[in-house]
Amino acid sequence: MTNYSKFLKEANLTGGIWHSADSNLNIPVTNPATGDVIGHVPNCGTTETERAIQAAATAFKTYSRTDVSYRVGLLRKLHDALMDNQESLAALLTAEQGKPLFEARGEIAIGAAYILWFAEEIRRAKGEIVPAPTNDRRLLVTHHPVGVVGAITPWNFPSSMLARKLGPALAAGCTVVAKPATATPYSALAWGVLAQEVGFPAGVLNIMTGSAREIGGAIMASPDVRKVTFTGSTEVGKSLIRQSADTVKKVSMELGGNAPFIVFEDADIDAAVEGAMVSKYRNMGQTCVCTNRFYVQEKVYDTFVEKLIVATRALKIGNGVDDGVTQGPLIDMAAVEKVESFVADSTSKGGEIALGGKRHPKGATFFEPTVITNASADMDFATDEIFGPIAAVFKFENEDEVASAANATEFGLAAYVYTRDVGRIFRLNDSLDYGLIGFNSGLITTVEVPFGGLKESGLGSEGGSQGLQDYLETKYVCIAGI
Ligand code: ADP
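Below, the structure written as structure tokens:
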């Protein structure tokens with residue numbers, strides 16, 4: 041197996057120095073496929089985080105004034121370093137997170153692509169010269185790095201979620217205090233190793249592991265942190281938004297989803313099943329853009345379900361490092377229990393298990409990819425995020441009915457629609473309250489476009505030119521007496 045020991049950093053990074061927790065206490069990190077402990081990371085808290093914020097604030101004074109071409113150069117080197125180490129980083133990611141190696145490789149590559157994208161995009165972060173109402177004045181609009189950024193990331197994409205935050209922050213001239221999820225800290229700490237290796241100055245990137253409440257609390261309380269970018273649950277996101285009020289920070293929030301996947305009778309059903317597989321089962325269904333609810337029009341319901349079952353049965357479950365595996369473990373036992381409770385709730389209300397529905401003999405955290413038919417609006421997964429490998433299939437009659445069913449959630453992140461009707465595509469583009477809509481595709485994320493949710497799915501966008509704007513302050517400058 042690929043050796044990732046260079047990136048298994050059992051320390052935190054502050055001001056260019058790798059260190060332990062003040063208490064010397066550690067947290068074990070386990071491989072979800074085997075339950076084996078793969079290493080330990082420091083259990084840091086408030087005091088260590090306050091020091092990291094200070095280091096970032098000090099570094100900001102000089103880093104924010106560096107030449108754009110210098111920062112672009114560093115980011116390009118960081119991109120290359122990621123790709124040069126893609127195999128080791130992917131192996132580390134699979135070891136701590138569980139996803140199949142091919143998905144882990146893809147995650148490293150898209151993370152690197154985000155870095156390159158923002159290295160390019162910062163060169164186009166233009167200001168404006170606005171025509172003044174009188175000739176004796178010149179009016180400018182200028183952009184400036186926002187300041188120290190707090191970046192809090194989840195366990196499902198521990199590398200690329202950080203990339204979407206580090207890319208724009210480091211390009212803009214911000215410095216960062218990052219807090220990865222406790223289940224998957226090494227993929228984030230690896231960014232620290234690489235950032236040092238390619239020459240980012242001390243204090244530009246600081247990384248803290250440990251108590252989420254304490255580290256998060258210190259980040260939110262500090263007046264030096266001017267922006268917080270968070271990807272995770274809606275519940276924690278809302279708490280961070282509340283905490284941001286005291287220091288009036290900028291916040292970007294990528295929160296939960298409950299994606300509908302709508303198949304109309306005019307759709308190419310084979311293409312729809314292909315899209316369904318990737319949008320449902322990628323990362324074992326543990327992504328915020330994963331399909332939560334399949335809505336299939338009456339006439340093609342049975343055909344779609346039959347084909348979905350055939351494709352789902354062909355998935356290979358196992359340790360993500362093994363050849364041909366497409367489905368790894370769930371992140372922990374709580375995730376398995378949650379998936380089980382969705383199955384029990386649904387079957388008690390008339391849902392039928394067409395495939396799967398129980399734990400898999402591979403091990404405690406493995407769950408069979410599951411198809412449930414006869415799904416209805418009173419079942420828990422109609423409103424709650426599944427975050428696991430259950431395909432729940434609802435039946436619908438017409439476009440109006442399905443559009444309102446699809447919108448009947450507080451979430452508004454991703455939606456998918458399969459249809460060949462161009463008029464319907466534009467109608468649904470208007471009527472679906474979602475920030476990302478894939479027509480005839482189940483996989484739509486790419487670095488060039490904004491990724492962000494409507495309603496309670498979030499605030500702000502990551503990626504695209506929009507993904508940079510949240511890291512820049514705008515100043516209006518009036519020069520009078522010309
Ligand atoms: P998920 O479990 O889906 O990743 P969470 O919202 O629980 O979603 O976690 C996302 C990130 O937020 C993780 O890094 C987690 O440690 C962190 N987190 C959890 N609770 C808090 C909190 N109270 N303050 C700050 N960060 C938190």
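Residues in the sequence shown are numbered consecutively from 41, following this note's numbering. Heads up, the beta-carbon is just placed ideally off N, CA and C, and yes, glycines get one too. This one's a predicted model, so the numbers in the text were calculated from it and none came from an experiment.
query: Between which two residues does the beta strand (DSSP E) harbouring glutamate 513 extend?
result: 512-519
contact_flag[the region 447-455, the region 486-494] where n(CB pairs < 8 Å) is 3 or more: yes
- prompt: Whose CA, out of Tyr321, Ala285, Ser284, lies closest to the CA of alanine 299?
  reply: Of the candidates Tyr321, Ala285, Ser284, the one whose C-alpha sits nearest the C-alpha of alanine 299 is Tyr321.
message: Closest to glycine 232 by C-alpha separation, out of Leu129, Gly325, Pro369, would be which residue?
response: With distances taken between Cα atoms, glycine 232 lies closest to Leu129.
- request: Give a single yes or no on whether glycine 327 has its beta carbon closer than 7 Å to a heavy atom of the ligand ADP.
  value: The amino acid at residue 327 is misidentified as glycine; the sequence shows threonine. False, no ligand heavy atom lies under 7 Å from that Cβ.
message: Tell me which residues share the same chain as asparagine 196 and place their Cβ nearer than 7 Å to its Cβ, disregarding the 5 neighbours each side in the sequence.
response: Asn323, Gln326, Thr327
query: Going by other Cβ atoms of all chains shown within 10 Å of its Cβ, with 16 needed for buried, is lysine 339 buried or exposed?
result: Classification for lysine 339: exposed.
- request: Could you tell me which residues DSSP puts in a beta bridge with methionine 123?
  value: Per DSSP, none; premise fails for methionine 123.
- prompt: So, lysine 198 versus threonine 224, is the Cβ gap smaller than 8 Å?
  reply: According to the sequence as given, residue 198 is proline; it is not lysine. Yes. Within cutoff.
field: Those runs of the alpha helix (DSSP H) which lie wholly inside the region 409-467 and span at least 4 residues
entry: 439-447
message: I want to check one thing, is the minimum distance from the CB of lysine 139 to the heavy atoms of the ligand ADP below 7 Å?
response: Checking every heavy atom of the ligand ADP against the Cβ of lysine 139, none is found closer than 7 Å.
field: Paired residues, beta bridge with histidine 80 - DSSP
entry: Pro68
task: Would you please verify whether the beta carbon of asparagine 359 is less than 8 Å from any beta carbon of chain B?
output: Protein chain content of the structure displayed is limited to a single chain, and chain B is not contained in it.
- request: Specify the secondary structure class of leucine 337 as computed by DSSP and reduced to three states.
  value: The sequence given here has glutamine at residue 337, not leucine. Glutamine 337 falls in the strand class under three-state DSSP.
query: Where does cysteine 518 land, buried or exposed, given buried means 16+ other C-beta within 10 angstroms?
result: exposed
query: Counting Cβ pairs closer than 8 Å, one from the region 49-61 and one from the region 233-251, do we hit at least three?
result: yes
- prompt: Under three-state DSSP, which class holds methionine 324?
  reply: helix
- prompt: Is isoleucine 302 near the ligand ADP, with its Cβ less than 7 Å from a heavy atom?
  reply: Not under cutoff, so the answer is no.
- prompt: Going by Cα to Cα distance, which pick from Val77, Pro82, Leu512, Leu370 is closest to asparagine 66?
  reply: Pro82
query: If we ignore side chains and look at the alpha-carbon of each, how far apart do glycine 500 and leucine 355 end up?
result: 35 Å
Per-residue DSSP class, three states only, for methionine 248: coil
query: Measuring from the CB of arginine 528, is there a heavy atom of the ligand ADP at a distance below 7 Å?
result: Here the chain comprises residues numbered 41 to 522, so residue 528 is not present and cannot be evaluated.
field: Proximity below 8 Å, CB of alanine 311 to CB of tyrosine 458
entry: yes
- prompt: Within 10 angstroms of its Cβ, does arginine 253 collect 16 or more other Cβ (buried), or is it exposed?
  reply: exposed
message: When you compare the region 262-276 with the region 182-194, are there three or more beta-carbon pairs, one atom per stretch, that lie closer than 8 Å?
response: Three or more beta-carbon pairs separated by less than 8 Å link the region 262-276 to the region 182-194, which places the two stretches in contact.
- prompt: When you compare only the Cα positions, how much space is there between aspartate 372 and glycine 75?
  reply: 9 Å
message: Measuring only the C-alpha atoms, how far is arginine 177 from leucine 472?
response: Just so you know, the alpha carbons of arginine 177 and leucine 472 end up roughly 46 Å apart.
- request: Take tyrosine 341 as the anchor and find which of Leu141, Ile302, Glu136 has the nearest alpha-carbon.
  value: Of the candidates Leu141, Ile302, Glu136, the one whose C-alpha sits nearest the C-alpha of tyrosine 341 is Ile302.
- prompt: Secondary structure at proline 208, three-state DSSP: helix, strand or coil?
  reply: helix
- prompt: Buried or exposed: where does glycine 391 fall if 16 or more other Cβ atoms within 10 Å of its Cβ makes it buried?
  reply: buried
message: What does DSSP give as the partner residue(s) for valine 170 in the beta ladder?
response: Leu179
message: Is tryptophan 58 near the ligand ADP - that is, is its Cβ less than 7 Å away from at least one heavy atom of it?
response: No, the beta carbon of tryptophan 58 sits no closer than 7 Å to any heavy atom of the ligand ADP.
query: Is it true that the CB of glutamine 236 sits closer than 8 Å to the CB of methionine 260?
result: no
- prompt: Under three-state DSSP, which class holds glycine 190?
  reply: Here glycine 190 carries a strand assignment [DSSP, helix/strand/coil].
The region 460-468 touching the region 505-515, judged by at least three CB pairs closer than 8 Å: no
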